[in-house]
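Taking numbering that gives the first Met the number 0, the leading residue of the sequence shown gets 0, the next gets one more, and so forth. Every residue gets a Cβ at the ideal spot worked out from N, C-alpha and C, and that includes glycine. Worksheet: the structure to be examined is printed underneath.
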Amino acid sequence: MTAAELPALTISELQPLLRGGAVSPGEVVDALQSRISEIEPQIDAYIALDFEAAKHEANAADLSLPLGGIPIAVKDIISVAGQRCTCASRSLSNYIAPYDATLIRKLKAAGAIPLGRTNMDEFAMGSSTENSSVKITLNPWDKSRVPGGSSGGSAAAVAAGAAFGALGTDTGGSIRQPAAFCGIVGLKPSYGRVSRFGVVAFASSLDQAGPLTKTTRDAALLMNAIAGVDPQDSTSLPEPVPDYTQLLGREIRGIRIGLPKEYTTDGIDPQVKAAVDAAVTQLQALGAEISELSLPHTEYAVAVYYVLATAEASANLARFDGVRYGHRTEGVANLVEHYERTRAEGFGAEVKRRIILGTYVLSSGYYDAFYLRAQKVRELIRRDFVEAFKKVDLLISPTSPVPAFKIGERTADPLQMYLADIFTIAANLAGICAISLPCGFATSESGTQLPVGLQLLASSLDEARLLQVAHAFEQSTDWHQRRPPL
Ligand code: GLN
Numbered sequence: 000m001t002a003a004e005l006p007a008l009t010i011s012e013l014q015p016l017l018r019g020g021a022v023s024p025g026e027v028v029d030a031l032q033s034r035i036s037e038i039e040p041q042i043d044a045y046i047a048l049d050f051e052a053a054k055h056e057a058n059a060a061d062l063s064l065p066l067g068g069i070p071i072a073v074k075d076i077i078s079v080a081g082q083r084c085t086c087a088s089r090s091l092s093n094y095i096a097p098y099d100a101t102l103i104r105k106l107k108a109a110g111a112i113p114l115g116r117t118n119m120d121e122f123a124m125g126s127s128t129e130n131s132s133v134k135i136t137l138n139p140w141d142k143s144r145v146p147g148g149s150s151g152g153s154a155a156a157v158a159a160g161a162a163f164g165a166l167g168t169d170t171g172g173s174i175r176q177p178a179a180f181c182g183i184v185g186l187k188p189s190y191g192r193v194s195r196f197g198v199v200a201f202a203s204s205l206d207q208a209g210p211l212t213k214t215t216r217d218a219a220l221l222m223n224a225i226a227g228v229d230p231q232d233s234t235s236l237p238e239p240v241p242d243y244t245q246l247l248g249r250e251i252r253g254i255r256i257g258l259p260k261e262y263t264t265d266g267i268d269p270q271v272k273a274a275v276d277a278a279v280t281q282l283q284a285l286g287a288e289i290s291e292l293s294l295p296h297t298e299y300a301v302a303v304y305y306v307l308a309t310a311e312a313s314a315n316l317a318r319f320d321g322v323r324y325g326h327r328t329e330g331v332a333n334l335v336e337h338y339e340r341t342r343a344e345g346f347g348a349e350v351k352r353r354i355i356l357g358t359y360v361l362s363s364g365y366y367d368a369f370y371l372r373a374q375k376v377r378e379l380i381r382r383d384f385v386e387a388f389k390k391v392d393l394l395i396s397p398t399s400p401v402p403a404f405k406i407g408e409r410t411a412d413p414l415q416m417y418l419a420d421i422f423t424i425a426a427n428l429a430g431i432c433a434i435s436l437p438c439g440f441a442t443s444e445s446g447t448q449l450p451v452g453l454q455l456l457a458s459s460l461d462e463a464r465l466l467q468v469a470h471a472f473e474q475s476t477d478w479h480q481r482r483p484p485l
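Shown next as C-alpha cells:
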C-alpha cells in the first residue's frame, strides 16, 4: 500500500493498518493532504482546512480507541471548538465556535480527528450546495452537475476520496440526497438519536446530524461514536445505544420490506426507476419479503415541510441580528436601520425567502390556517408510518426522483428545487431513521455516469436493522466500489 492509495480506503480498512502500525496517523493526514490538494481545485468541497492542527492531533492519537487516528470531515454547521463555523453564510463568516458540539466531543473521545469544514447550502437551506455564499461544489462524477445538498461538500469529499468519512445534517434530506447524487452512503438517524447541541439550528423539530461514508459498515462505526443521550439536548433519546455493527453480515431472509405505492408514481426518472426496481429484485433474491403498501398522506409532505421548516427557521435565525450573533453593519442612524441592513447584508436570497415565508405562516391571522394546520397534517404523516411499520420492518424508495442535475438548472425555480426532496422529507416529519446507499447508475445525455441512490426507511431507533439490510444489499452488489473519474 503506497501513501497515494491510502485515501481510497474505507474507515474499516484503515483501522487495522493504523492499529497494526503499518501506517501512522501522521502519515494518514499527510496522504489525505496530498489527495485533497490534488482534488480540491476540481470539486471545491471544503470551506476550510487546517492540516497543522490535524497533524498535531494525529501525533497524540490513541490508537486503542474505536476511531483512533481517523480524520473525519465536518459540515460547516457543526461546532468544533476554536474553528470557524460559518454555515456558508456571510452573516457568520467570522464566527469561531467557542465549544465542541456534543457529537464532536464524542467523535474526539472515540479518537477521531475533525479535519476540514465542508461546503453546504447557507444554513442548510437547499438541495444543491448552490446556496453557499462561499462557492459552488461540483459533483465528482460530472463536474457540470451539483453534488446535491445541503451537505454537498461532505458528500463530494467522501466520494472523491478527499475524506474517509464526513458528518452532515439532515432536516429534509440533506444527508441522503447528496449521498445519492455522489454515490456514497448517507444515514439520517432517528430524531433525537444524535445530540443537536452545538449544531446550528435550522428547523429544530426536524434537524438530525449523521454520517456520510463510503460503506454501510463505516456508517455504523461513526454512529457508534456519535449516538446517544445528551443532558444538553432535551430532545435527545435516553435509550441505550446498540453496537450498530452487530447485525452486519446477518442474513435478511424473512425481513419484510414495504414498497409505498405513493413513491413509485410519475415524475421518477426512468433510469432511477430501473435501478430501484433492480434493487428490489435483488433484496427479494436475498430473502426479503416485498409487499406493496400505502402512505396515504405522502402528497402533503413537501407542503407541510415548507410551512414548518420555514416557521422554525424564522425563529431560529432571529439570533443573527448583529447584536447577539453574526455580521453587524456599520454607520446606521437608528435601530430599525441596524436590523434591516445587518440582516439584508448577512443573508443570501434563499435564507431571506425562508425567513419571510416562515414569519408569514406564524403571523396572526395566518397561524391557524398554515402553521397549525401543517402540524396536524404532520401528525397524519407520522401515523402513516406507524401503521406501515405494523405490517413491515422497512420501507424502500428512490432517494431522489432524479440523478444529480446540472448546475444552475433549478436555481431560478425554488419549487423545482424543493421537489428534489420529495422522497426524503417525510422521514424527518415522522422522526424515523433512513439511509441512502448506491444502487446503480444513470447515463447522462453527455455520457457521464451518475450515481442512483436507494432509500431504506425504518421506525424510530431501528438504525441497526436499517444498516443490516443496507449492508446485505451493498455486499451483494459492487456499486459501492465504483469511484468517480477524477
Ligand atoms: N433541501 C431541503 C431544504 O432546502 C432540506 C434541507 C436539509 O435537509 N437541511 O430545506
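Which residue wins for smallest C-alpha separation from Gly172, given the options Gly151, Leu258, His55, Ile289? Gly151
For Thr214, is the classification buried or exposed, using 16 other Cβ atoms within 10 angstroms of its Cβ as the cut-off for buried? buried
So what does Asp232 bridge to, in DSSP terms? Asp229
Phe422 CB to nearest heavy atom of ligand 1 below 7 Å: no
Could you give the uninterrupted runs of the alpha helix (DSSP H) lying entirely in the stretch 54–126, keeping only those of 4 residues or more? 101–108
Ordered along the chain, which non-local residues of its own chain (more than five positions away) have a Cβ less than 7 Å from that of Phe369? Val306, Val360
Could you tell me which residues DSSP puts in a beta bridge with Gly555? With the chain running from 0 to 485 in the structure shown, residue 555 is simply not present.
Judging by CA-CA distance, which residue of Val193, Gly330, Ser90, Ser233 is the nearest neighbour of Phe346? Ser90
Is the distance from the Cβ of Ile254 to the Cβ of Asp392 below 8 Å? yes
Ignoring anything shorter than 3 residues, give me the beta strand (DSSP E) runs that lie fully in the stretch 276–323, in order along the chain. 288–292
Examine ligand 1 and report whether any of its heavy atoms sits within less than 7 Å of the Cβ of Thr168. yes
So who's on the other strand from Leu393, going by DSSP bridges? Ile256, Ala457
Does the stretch 62–71 come close enough to the stretch 36–48 that 3 or more CB-CB pairs lie under 8 Å? no
If Ser127 and Gly110 are in contact, beta carbons under 8 Å, what's the gap, nearest whole angstrom? That pair is no contact at about 34 Å.
Thr410 to Ala343, Cα distance in whole Å? 20 Å
Considering only the alpha carbon of each residue, which of Lys351, Arg464, Arg372 lies closest to Gly125? Lys351
heavy atom of ligand 1 below 7 Å from Met222 C-beta: no
Three-way DSSP call (helix, strand, coil) for Thr442 in this model: strand
Give the DSSP-derived three-state secondary structure of Ser153 in the structure shown. helix
Assigned secondary structure, Asn138 (DSSP; H/G/I helix, E/B strand, else coil): strand
For the stretch 262–281 against the stretch 423–442, do three or more pairs of beta-carbon atoms, one drawn from each stretch, fall closer than 8 Å, so that the two count as touching? yes
Do Ser293 and Leu258 come within 8 Å of each other at the CB atom, strictly closer than that value? no
From Leu326 to Arg372, what does the alpha carbon distance come to, in whole angstroms? According to the sequence as given, residue 326 is His; it is not Leu. Taking the straight line joining both Cα atoms gives about 35 Å.
Would you kindly check if the distance between the Cβ of Gly209 and the Cβ of Ile183 is under 8 Å? no
Proximal residues to Gln448 (C-beta, below 7 Å), its chain only, five neighbours per side dropped: Trp140, Phe440, Thr442
For Gly430 and Ser189, what's the separation of their Cα atoms in angstroms? 6 Å
Give a single yes or no on whether Ala308 has its beta carbon closer than 7 Å to a heavy atom of ligand 1. yes
Mark Gln283 as exposed unless 16 or more other C-beta atoms lie within 10 angstroms of its C-beta, in which case mark it buried. exposed
Quick one: what's got a C-beta closer than 6 Å to Glu129's C-beta in the same chain, skipping five residues either side? Ile135, Thr410
To which residues of the same chain is Thr328 closer than 7 Å at the C-beta, ignoring the five residues directly before and after it? Gly321, His337, Arg340, Thr341, Glu344
Can you give the Cα-Cα distance for Leu62 and Gly20, rounded to whole angstroms? 9 Å
May I have the straight-line CA-CA distance separating Gln467 from Ile251, to the nearest angstrom? 8 Å
Excluding sequence positions up to five away, which residues of its chain have a Cβ less than 6 Å from the Cβ of Ala469? Thr215, Ile434, Leu436, Leu455
Taking all protein chains shown into account, decide if Ile95 is buried (16 or more other Cβ within 10 angstroms of its Cβ) or exposed. exposed
Which of the three DSSP states is assigned to Tyr262 in this structure? helix
From the DSSP output, in three-state form, read off Gln185 for me. According to the sequence displayed, residue 185 carries Gly and not Gln. Strand, per DSSP.
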